[in-house]
Amino acid sequence: YIYKQGLIKERNYNHRWTLRTTCFDSPHRIKHKNNQTAVLGENVTIFCNLTTPADVVQITWQKIQDSLPQNIGTYSSRYGEKILPPYINRLHCKAIEPNSSFITIREVTFEDEACYKCLFNVFPHGSHGGQTCLNIITVSELRTELQPNLDCENFLRFIYSAVGKPAPQISLSPSQVLINPPEEYLAQNPNGTATISKTYNISLETVRSLRLHHLIVHMDHPLRKEEKIVPLSVK
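Per full-length UniProt numbering, the very first residue in the sequence shown carries number 1; after that it's consecutive.
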């Protein structure tokens, strides 16, 4: 079958996704999300709809990773749901109606980051499919540490760090207390997350002159925004 691009729509809802209608030389069309985002450790449901009436014999779901398709679940009105390894006890495959199907993956891990294809076996026209690619995101709690600078008693060392996918954006205010650019550390971890850490030197003289009692750390990530107040015990 020759795939042709159909209607593409975009909307914002926590995360951006694209709704695609896949057309074939046959009259059958499949509506599905082109991309979908899931949160590490939570459940995710992927839908696939055959928009034209048809005699659907079976619906097969495949996981496609490194261009290799692997059957993970099937559903038919005659035999019901059948889940295949390694998704037994983690996957639910169902048809809402004869032409509409979904899978739910429980407690997603980074191993679940792949593309998932639904295949409608339509009598007598054969198999028609649509594909959704799943992106897994996560972010840790923001960690902060305030310590004396052993090299200079007029400075404080302030360290903050976080781990996320994608890497979170972190900033510190007020910026007037900062001396020189921070020491910045960014490392890509084997599981796809990134660790970001910054170390600042803070002027105690400026802290006293501004009569500051705390610093504010801002973290921005697609999963959430966080603001942390760090008390300053400066005499």
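Backbone N, C-alpha and C fix where the C-beta goes; we use that ideal spot for every residue, glycine too.
Computed from a prediction, not measured in an experiment: that's the story for all the values here.
Residue i Cβ short of 7 angstroms to the ligand COA heavy atom set
i   : result
L40 : Of ligands this structure carries none, so the ligand COA is not represented either.
Distance between beta carbons of residue j and residue i, contact taken as under 8 angstroms
i    : j    : result
R224 : V139 : 7 angstroms
Y160 : L134 : Wrong, their Cβ atoms sit about 30 angstroms apart, outside the cutoff.
A114 : I64  : 6 angstroms
L50  : N121 : In fact, because the Cβ distance is near 11 angstroms, the residues do not count as touching under 8 angstroms.
I105 : N43  : 7 angstroms
Local Cβ density within 10 Å of residue i, reported as buried at 16 or more and exposed below that
i    : result
G129 : buried
S101 : buried
T52  : exposed
G80  : exposed
T45  : exposed
Residue j beta carbon less than 8 angstroms from that of residue i
i    : j    : result
P168 : M219 : yes
L232 : H214 : yes
G192 : F110 : yes
I83  : D112 : no
Y200 : L186 : no
P174 : K198 : no
I229 : L156 : no
L142 : Q62  : no
L210 : Q176 : yes
Residue i to residue j span [Cα, whole Å]
i           : j    : result
I216        : H92  : 44 angstroms
F47         : E145 : 44 angstroms
E153        : I170 : 26 angstroms
S127        : I72  : 16 angstroms
P148        : T37  : 42 angstroms
E226        : V56  : 48 angstroms
E205        : L212 : 11 angstroms
T132        : D151 : 54 angstroms
I96         : V163 : 38 angstroms
residue 237 : P86  : Summary: the structure shown does not reach residue 237, with the chain confined to residues 1 through 235, and so no result is reported for it.
L172        : P190 : 28 angstroms
P69         : N89  : 20 angstroms
I30         : F158 : 53 angstroms
F123        : R78  : 15 angstroms
I103        : K94  : 6 angstroms
H32         : N180 : 50 angstroms
T195        : D66  : 26 angstroms
S76         : H125 : 17 angstroms
CB contact below 8 angstroms: residue i versus chain C
i    : result
K165 : Included in the structure is just one protein chain, with no chain C present.
Counting only runs that start and end within the region 148-179, where is the beta strand (DSSP E) found for 3 or more residues in a row? 155-165, 169-173
Sequence ranges, beta strand (DSSP E) only - wholly within the UniProt domain "Ig-like" (27-118), length at least 3: 29-39, 44-50, 55-65, 68-76, 80-83, 91-97, 100-105
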